[in-house]
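**Student:** Sending over a structure as structure tokens; questions will come in a sec.
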Amino acid sequence: MSVIATAILAPLFATVLILFLRRMPAALALLAAAIGLLASIRLLLDAYAGISHELLLPGLPNLPLHLLATPLTALLSTLVAVIGTLVLVYATGYMKQDTEKVRFFATLLFFISAMQTLVLAADWILLLAAWELIGLASYLLIGFWYQRPGVKSAATRAFLYTRSADLGLYLAVFILIASAGSSDIATTLNTGGNAAIAAGLLLLVAAMGKSAQTPLHDWLQRAMAGPTPVSALLHSATLVAAGAILLIRTAPMLPPETLLVIGIVGGVTTVVTGLIALGETDLKRLLAASTSSQYGLMLVAVGAGVPLAALLHLIAHAAIKSALFLGAGVFQHSRDSTALTKLQGAGHDRPRIFFGFTLAALALAGIPPLSGFFSKDAIIAAALASPDAALLASFALIGTLLTGAYMARALRILWRRNGTQNNVPGAGAALNWMGTGLAGLVTLAVSLAAFFPTIETMLSARLPENSLAQILGLSAALAGLALGWRVPARRLFGFLLPWVQQGFVVAGGVDNLLVRPAFAIAHICEKLESRLYAAALFTGQMSISIARSVRFSDEQGIDGLIFSIVKNTVNLGRRARNLQSGLIHRELAITVVLTTGLFSVLLIVLFI
Amino acid sequence: MLPIVSITLFLPLLGALLIMGLRKAPAQLVHGIGILTSGLTLAGAIWMWSRGVADTGFAQVEQIDWMPAIGAAYRVGVDGISLPLVVLSALLFFVTFIYSAKVRERPHAYVVLMLLLETAAIGTFTALDAILFYVFFEVSLVSMYFMIAGWGHEDRQRAALMFFIYTLLGSLPLLLAILGLYLGSDPHTFDIRVWIADPPLTGTAAMLALIAMLFTFAVKTPVFPFHTWLPAAHVQAPAAGSVILAGVMLKFGTYGLIRFALQMTPASFHQAGVIVLIFGVFSALYGAFAALAQNDLKRLIAYTSVNHMGYIIIGVAIAALATDPAIRAIALDGSILQMISHGLVTGALFFAVGMLQDRANTREMDRFGGLLKLTPILGWSFVLAAFASLGLPGLAHFPAEFQIFLATLRVEPAAIIVILGIVITAGLYLKAINQVFLGETNTKWQGMPDLSMRELFTLVPLLLLIVIIGVGPAWLLNVIHKTTIALPF
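First to last, the sequence lines map onto chains A and B. Read in order, the letters of the first sequence correspond to residues 1430 to 2037 in the working numbering. Read in order, the letters of the second sequence correspond to residues -13 to 475 in the working numbering.
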């Protein structure tokens, strides 16, 4: 079997196997993830050596399915496999007590498999398919504890938000295939003109849905209803990453107008969701808002015309954010809650986990020599070098400042003890698995920057260099950290705090603007429906009563006219002979007249 | 060569006659004969599939003179449009017989009617003579009327009557059109192949014939505003009846739309294409929105049928409007595949709801809750079929809808607005799953049994095919594409 297929099929086979065997789900999952990881690494090494793997499969007529490992896609595939494996290691501990491990590991592997398909797809149909399938997988995982209150609405919301935005991807794909005559992604990237502008904007809509960009950011915070390993995975290398990956991959096609829009969307998101994170009262929701904010920064980089900077931040962020979530999961286990008030001092009680969490937090804030510093620096430098430097760079710097602020605030709350917070006794073995997964991710979060130069060479792209960017970025990060550590959110926001905590909802948000009208239309249709039904029924009953009255009069008439029957019959026969002339056109005419009569009655009744 | 088309076509009729002869046979034996006959019919259909289709025109044609004086003959055969529908029908009838093995209320009449319906369905798809087509088309109506009236739910009499009046009135215009085409052909014949190869009518006559045909097929498909019989009939019909009605009989409308309207009056259809397209778009969106407002699961699925059949109307209209044969083929490939997918997916959904109703005696969504915990196999089957119905990639509807939308954007970009439907259907199915299967388990349903073997044998073949077609539709599309790319207009 080809290497590229192994990366996708190893987790997929394991899904099926786990569902049928219904035993040893964690072991099978880890084995499959390891095989998939080896395949991905092989793809990456070969791509580095200039060998590309590919696979053509029959799809729709003249539109074959295509998998291809280029340096970029092999790199993303490895990222997905690494993060996926470490999250599975952690999940082995996290899910130890759960009774539905089979379903959990099967779905998680399906998720990884779909994401591998998405990154390795080289044609639009396969990409679109994988894009929707990761939506399904996250629906199933967010809704994993479907009996708990609030879970089903969170899962539904996640699926519907992203699927609505997916219409953008559908339309963009149709436009690109129509204008290029091929579904091959590389071919369609040569599209220019209005098709490129339209397709670019539509791709942005799709990316905004998946990467939870303002105003479609709300679903991500609510998606915290799922188990923590799920959050770790879908915030880092999978679901949410898909949006940014889409834009990074299509960046060569995007015209300047579209790029500017992308930059502005990303910039607004990084500020808005950064503020939301700062006002948050729940650790996991804080991290979720932070995810939107960081993806906003990546969109700024794409908008500035340096997708490589976005890619580096995506890689760094994947390791950092999954580490943060896994740490949060440990604290959650020890306090049985993720509310910040309940977590006060939780870090103090688990110092080693807190140490890892802190390293990841500092990396996210952008403190050297941790990986986040280099990727953020690249984004700021890119923004400074772009034609809209003033706008994009200020977005990037505010985003960086806010990152420092909310991470410092979280650290402070986790560290400071406050009276009597009791730990729930944790299972030792479970903690070992969780700690191992976390340690792996923190190591990556700290050290990934060492690979950045290799990635640059491999993709043969250069980052803009700018020492001003480094100074500005570092000062913003430090200022943010200081702000967050010293000033409580209440003081920062004042009377605006409730609004921030509701996620800056304007006019009831997307729900009021989209969901209500949909139901209103549905009810209008339903009303029209009962009218139509009544009309049809009325017509039917009227025909029947006409038939009855005819019969009635006939029966009455029979008595009175019994003697004229013979005469009538003769007459009727004569007339019928005229009627049945044997001339088909004439019979046709009679039938037409009669049928038209019937239909006009029906239509009149319908529309009165 | 063995006349396998005719054997497949008349096997169910033979089974029906056999059962009529065995008046005293116990119910199990009667159902056994039903399952066996439909199984053999399915085998015949698969045999037909293995023989394949021709590069142009019809394959496996079998012909016997019938009324030579008026040019009517017994002619049957298949092409890439009808062959998949024949196999779909045979499969759906087979699983329906398995599902129906529980029926103890007048089992003889039930099985006989179903077998009669099966012959009528396969006959409609294989007939190559317009008179023959019309006969099968009408016979199916009678059988379905008795199915609904005899084995339906609370309000079955009214629904059956509505169904009958509507579709009977609906099919009269088709008869006129057939007569018109007959008179236009020279020499006079009812041979469908001749009508397709050389459309007999032109100008106003063709347009009038087209309007008549459109009317008939719009009622049958159904298209807004002629769809009101559908929810009523579906809600009242027994689950098996709903499956056959949605899975097989609705396809008569869209099959006729392609076979008659598109192939016999292509020029007029090209002129009127935009109007048909508008009806299709409106119908698809209307069906989706109306489904969103439902609380009865069967009504909900019935309205999503209006939505899905709307996509097929769009595909056919786009095929009529397209001037590039390649794009026309894409649109038709999508439409025909959509018929197959809809048959499988809606069949599975109606079965699942039927199984739910067998257990709970209700179809109201808000009376359930948390059933996934109690009946996981039934629950996940419904979830899979629902996601297929909302067009998720990897499941049967996606390749079909993708092609329809792709062709639509290339021919009539404004009509792509219909893509909103896929979000609405997502919303309504998630709402249904939420209310019925997720959340806290309603204690009232404690102890509800999961699927039995009989029910598994009914559902699993459909679900497997939904996944197989979704993941790799090439084997099916190749057969369809062979015909659609070689259409002579």
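Don't be surprised by glycine CBs; every beta carbon is placed ideally from N, CA and C.
Residue range of the beta strand (DSSP E) that E1483 of chain A falls in?
**Tutor:** E1483 to L1489 is the span of the beta strand (DSSP E), which, as asked, contains E1483 of chain A.
**Student:** In chain order, which continuous runs of the alpha helix (DSSP H) of length 4 or greater are located wholly inside the segment 1583 to 1631 of chain A?
**Tutor:** With a minimum length of 4 residues, the continuous alpha helix (DSSP H) runs that stay inside the segment 1583 to 1631 of chain A are 1614 to 1617.
**Student:** Let me confirm a value: A1641 of chain A is counted as buried when at least 16 other C-beta atoms fall within 10 Å, else exposed. Which label applies?
**Tutor:** When all chains shown are included, A1641 of chain A counts as buried.
**Student:** At what residues does the beta strand (DSSP E) containing R314 of chain B begin and finish?
**Tutor:** Careful: R314 of chain B lies outside any beta strand (DSSP E), inside the alpha helix (DSSP H) at P311 to A346.
**Student:** Please tell me whether, using a cut-off of 6 Å, the distance from the CB of A95 of chain B to the nearest non-hydrogen atom of the ligand SAH is below it.
**Tutor:** The ligand SAH is absent from the structure shown, which contains no ligand whatsoever.
**Student:** At which residues does the beta strand (DSSP E) containing P1493 of chain A begin and terminate?
**Tutor:** Segment L1492 to L1497, the beta strand (DSSP E) holding P1493 of chain A.
**Student:** Going by beta carbon distance, what residues of the same chain come within less than 6 Å of I1437 of chain A, once the five residues before and after it are set aside?
**Tutor:** So the qualifying residues of the chain are S1542, Q1545 and T1546.
**Student:** Can you confirm whether L517 of chain B, when its beta carbon is compared against all beta carbons of chain A, has any partner nearer than 7 Å?
**Tutor:** With chain B covering -13 to 475 only, the question about residue 517 of chain B has no answer from this structure.
**Student:** Check whether chain A comes within 7 Å of L395 of chain B, counting only Cβ atoms and requiring the distance to be less than that.
**Tutor:** Closer than 7 Å: yes.
**Student:** Report the rounded CA-to-CA distance for H328 of chain B versus S321 of chain B, giving the unit in angstroms.
**Tutor:** H328 of chain B and S321 of chain B: Cα-Cα distance of roughly 10 Å.
**Student:** Under the three-state reduction of DSSP, which class applies to A1478 of chain A: helix, strand or coil?
**Tutor:** Reduced to three states, the DSSP call for A1478 of chain A is coil.
**Student:** Ends of the alpha helix (DSSP H) at E1686 of chain A?
**Tutor:** E1686 of chain A -> alpha helix (DSSP H) spans P1685 to G1708.
**Student:** By how many angstroms is the C-alpha of G1672 of chain A removed from the C-alpha of R1891 of chain A?
**Tutor:** Between R1891 of chain A and G1672 of chain A, the C-alpha separation is close to 23 Å.
**Student:** If you measure beta-carbon to beta-carbon, which residues of the segment 307 to 337 of chain B are closer than 8 Å to chain A?
**Tutor:** Going along the segment 307 to 337 of chain B in chain order, one finds A312, A315, I316 and D319 with a Cβ nearer than 8 Å to chain A.
**Student:** For L378 of chain B, which residues in chain A fall below 8 Å Cβ to Cβ?
**Tutor:** In chain order: E1561, L1562 and L1565.
**Student:** Do you know whose CA, among B:Y131, B:T207 and B:Q46, lies nearest P(-11) of chain B's CA?
**Tutor:** Closest option to P(-11) of chain B, Cα to Cα, is B:Q46.
**Student:** Where does I1614 of chain A land, buried or exposed, given buried means 16+ other C-beta within 10 angstroms?
**Tutor:** Burial call: buried.
**Student:** Does the CB of E426 of chain B have a neighbour CB from chain A at under 7 Å?
**Tutor:** Yes - at least one Cβ of chain A is within 7 Å of the one on E426 of chain B.
**Student:** Let me confirm a value: A1456 of chain A is counted as buried when at least 16 other C-beta atoms fall within 10 Å, else exposed. Which label applies?
**Tutor:** With fewer than 16 Cβ atoms within 10 Å of its Cβ, A1456 of chain A is classed as exposed.
**Student:** Count the CB pairs spanning the segment 82 to 95 of chain B and the segment 259 to 275 of chain B that are closer than 8 Å, and state whether there are at least three.
**Tutor:** Flag = no, the segment 82 to 95 of chain B and the segment 259 to 275 of chain B do not touch.
**Student:** Could you compute how far the alpha carbon of S1751 of chain A sits from the alpha carbon of L1870 of chain A?
**Tutor:** Using only the alpha carbons, I get a separation of about 7 Å.
**Student:** I need the straight-line Cα distance from F1784 of chain A to L1907 of chain A, nearest angstrom please.
**Tutor:** Distance between the alpha carbons of F1784 of chain A and L1907 of chain A: 19 Å.
**Student:** Can you name the start and end residues of the alpha helix (DSSP H) that E1561 of chain A belongs to?
**Tutor:** Start and end: W1553 to I1571.
**Student:** Which same chain residues, not among the five before or five after L1515 of chain A, have their C-beta less than 6 Å away from its C-beta?
**Tutor:** Excluding residues within five positions, the ones whose Cβ falls inside 6 Å are G1866, G1869 and L1870.
**Student:** Among A:A1837, A:M1836, A:S1972 and A:A1814, whose alpha-carbon lies nearest the alpha-carbon of S1896 of chain A?
**Tutor:** Nearest C-alpha to S1896 of chain A: A:A1814.
**Student:** Can you find the residues in the same chain that come closer than 8 Å, C-beta to C-beta, to Q257 of chain B, ignoring five residues on each side of it along the sequence?
**Tutor:** If we look at Q257 of chain B and ignore the five residues flanking it on each side, its Cβ neighbours are M193.
**Student:** Taking three-plus beta-carbon pairs below 8 Å as touching, is the segment 1589 to 1597 of chain A in contact with the segment 1708 to 1725 of chain A?
**Tutor:** Verdict: no, contact absent.
**Student:** Quick check on K1581 of chain A - is its C-beta less than 7 Å from some C-beta in chain B?
**Tutor:** Yes - at least one Cβ of chain B is within 7 Å of the one on K1581 of chain A.
**Student:** Once DSSP output is grouped into helix, strand and coil, what is the label at I1796 of chain A?
**Tutor:** Three-state DSSP puts I1796 of chain A in coil, outside helix and strand.
**Student:** For a test of the three-state rule: what should DSSP assign to W1574 of chain A, helix, strand or coil?
**Tutor:** Correct three-state label for W1574 of chain A: coil.
**Student:** Does L1489 of chain A have its Cβ less than 7 Å from a Cβ in chain B?
**Tutor:** At least one chain B Cβ lies under 7 Å of L1489 of chain A.
**Student:** Under the rule that 16 or more other beta-carbon atoms within 10 Å means buried, what is L473 of chain B, buried or exposed?
**Tutor:** L473 of chain B should be labelled buried.
**Student:** When you compare the CB positions of A107 of chain B and T27 of chain B, do they come within less than 7 Å of one another, or not?
**Tutor:** Cβ atoms of A107 of chain B and T27 of chain B: not closer than 7 Å.
**Student:** Cα separation between L449 of chain B and S367 of chain B?
**Tutor:** Roughly 7 Å between the two C-alpha positions.
**Student:** Using a 10 Å radius around the Cβ and a threshold of 16 neighbouring Cβ atoms, would you call H1777 of chain A buried or exposed?
**Tutor:** Exposed.
**Student:** Going straight from the alpha carbon of P70 of chain B to that of F83 of chain B, what length do you get?
**Tutor:** The alpha-carbon atoms of P70 of chain B and F83 of chain B are separated by roughly 20 Å.
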